[in-house]
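So the sequence lines, in the order shown, correspond to chains S and P. The first sequence maps to residues -14 to 96 in the numbering used here. The second sequence maps to residues 178 to 291 in the numbering used here. In this text, a Cβ means the ideal position worked out from N, Cα and C, and glycines have one as well. Only a predicted model underlies this, so the values are computations on that prediction, with no experimental measurement involved. The next block holds one structure in the form of structure tokens; read it before the comments.
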Amino acid sequence: ILNVEQSPQSLHVQEGDSTNFTCSFPSSNFYALHWYRWETAKSPEALFVMTLNGDEKKKGRISATLNTKEGYSYLYIKGSQPEDSATYLCAFYNQGGKLIFGQGTELSVKP
Amino acid sequence: GAGVSQSPSNKVTEKGKDVELRCDPISGHTALYWYRQRLGQGLEFLIYFQGNSAPDKSGLPSDRFSAERTGESVSTLTIQRTQQEDSAVYLCASSLSRGFAEQYFGPGTRLTVT
């Protein structure tokens, strides 16, 4: 059974706070790790696809790191804004061809 | 350009009836995926297509579920003899290649079985 765990389940921060959350995945048979943002009433939107150990990707105020040897990825948001409020999903892709999603971290940013 | 589209956006059906959900992927995307999200739960993988073929059907919850894809285009997910536990949002996604490319999601079909 492939388990992708995300923590925390939910997070409430004030506008301007920086925050980070964790995605844990199996370290064997790793191919790729995806991060998506899912806003209420919209479809999930891709943030990053990461494949290499030590990879670090950045998009605006959002960045992510990857450690495939120990099986975790961190997503960081610098200076959170209300529009960052969403559920952040990570997904693990292995040789089997499926993308296994975690349960997500629900972020709420108060003005 | 056009994104992934799904139809219908909402479907209410009676228990025992068959339903067909449709997904139009982004043109040129060879990989297509179906997921569902039941209330209070995460995204659950159902099936993926590489071109027309579906190498892994193990995510389909029961033999009442089937899916097909025509060319590298439209896909339909069929649920026969619907049950109340089939109520969920069904999401379709497509990507340029499987696994390494980001997936583009459609707006979903909300299925309610009464």
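Relative to the C-alpha of residue i, which candidate in the options has its C-alpha closest?
i	options	result
S:Leu74	S:Ser93, S:Gln(-1), S:Phe6	S:Phe6
S:Trp23	P:Ala231, P:Thr289, P:Tyr210, P:Phe282	P:Phe282
P:Lys194	P:Arg241, P:Ile203, P:Pro284	P:Arg241
S:Gly89	S:Ser13, S:Leu51, S:Ala76	S:Ala76
S:Val94	S:Val34, S:Ala49, S:Thr4, S:Gly45	S:Thr4
S:Gly1	S:Gly64, S:Ile85, S:Val(-11), S:Ser13	S:Gly64
S:Thr36	S:Ser48, S:Asn52, S:Tyr21, S:Arg46	S:Asn52
P:Glu221	S:Gly87, S:Leu92, S:Glu91	S:Gly87
S:Ser13	S:Arg46, S:Lys43, S:Val34, S:Val(-11)	S:Val(-11)
S:Tyr21	P:Leu288, P:Glu279, P:Arg287	P:Glu279
S:Lys42	S:Gln(-9), S:Ser58, S:Glu30	S:Ser58
P:Ala265	P:Pro232, P:Leu273, P:Ser252, P:Trp211	P:Trp211
P:Ser235	S:Asp40, S:Glu30, S:Ile85	S:Ile85
P:Thr190	P:Gly219, P:Glu262, P:Ala244, P:Gln218	P:Glu262
S:Tyr16	S:Val(-2), S:Ala71, S:Arg46, S:Gly56	S:Gly56
How would you label residue i, buried or exposed, when you count the other beta carbons within 10 angstroms and need 16 or more for buried?
i	result
P:Arg258	exposed
S:Lys27	exposed
S:His19	buried
P:Arg246	buried
S:Pro67	exposed
S:Pro(-7)	exposed
S:Lys54	exposed
P:Ala208	buried
Quick one: list the residues of chain P neighbouring residue i, beta-carbon separation under 8 Å, in chain order.
i	result
S:His19	Glu279, Gln280
S:Thr36	Phe277
S:Ala31	Glu279, Gln280, Tyr281
Can you tell me which residues form a DSSP beta bridge with residue i?
i	result
P:Ile256	P:Val196, P:Phe242
S:Ile59	Going by the sequence as given, residue 59 of chain S is Tyr instead of Ile. S:Tyr59 is bridged to S:Thr7, S:Thr50.
P:Phe226	P:Leu209
S:Ile85	S:Phe77
P:Ser184	P:Arg199
S:Lys42	S:Ala49
S:Lys95	S:Gln(-1)
P:Ala265	P:Leu288
P:Leu220	Bridge partners of P:Leu220: none, in fact.
What in chain S is Cβ-close to residue i, meaning under 7 Å?
i	result
P:Pro284	Ser28
P:Phe222	Lys83, Leu84, Ile85
P:Tyr267	None at all; the shortest Cβ gap to chain S is about 12 Å.
Quick one: list the residues of chain P neighbouring residue i, beta-carbon separation under 7 Å, in chain order.
i	result
S:Gly89	Gly219
Which residues of chain S have a Cβ atom closer than 8 Å to the Cβ of residue i, listed in chain order?
i	result
P:Gly236	Lys83
So with CB distances below 9 Å, who are the chain P contacts of residue i?
i	result
S:Leu74	Gly219, Leu220
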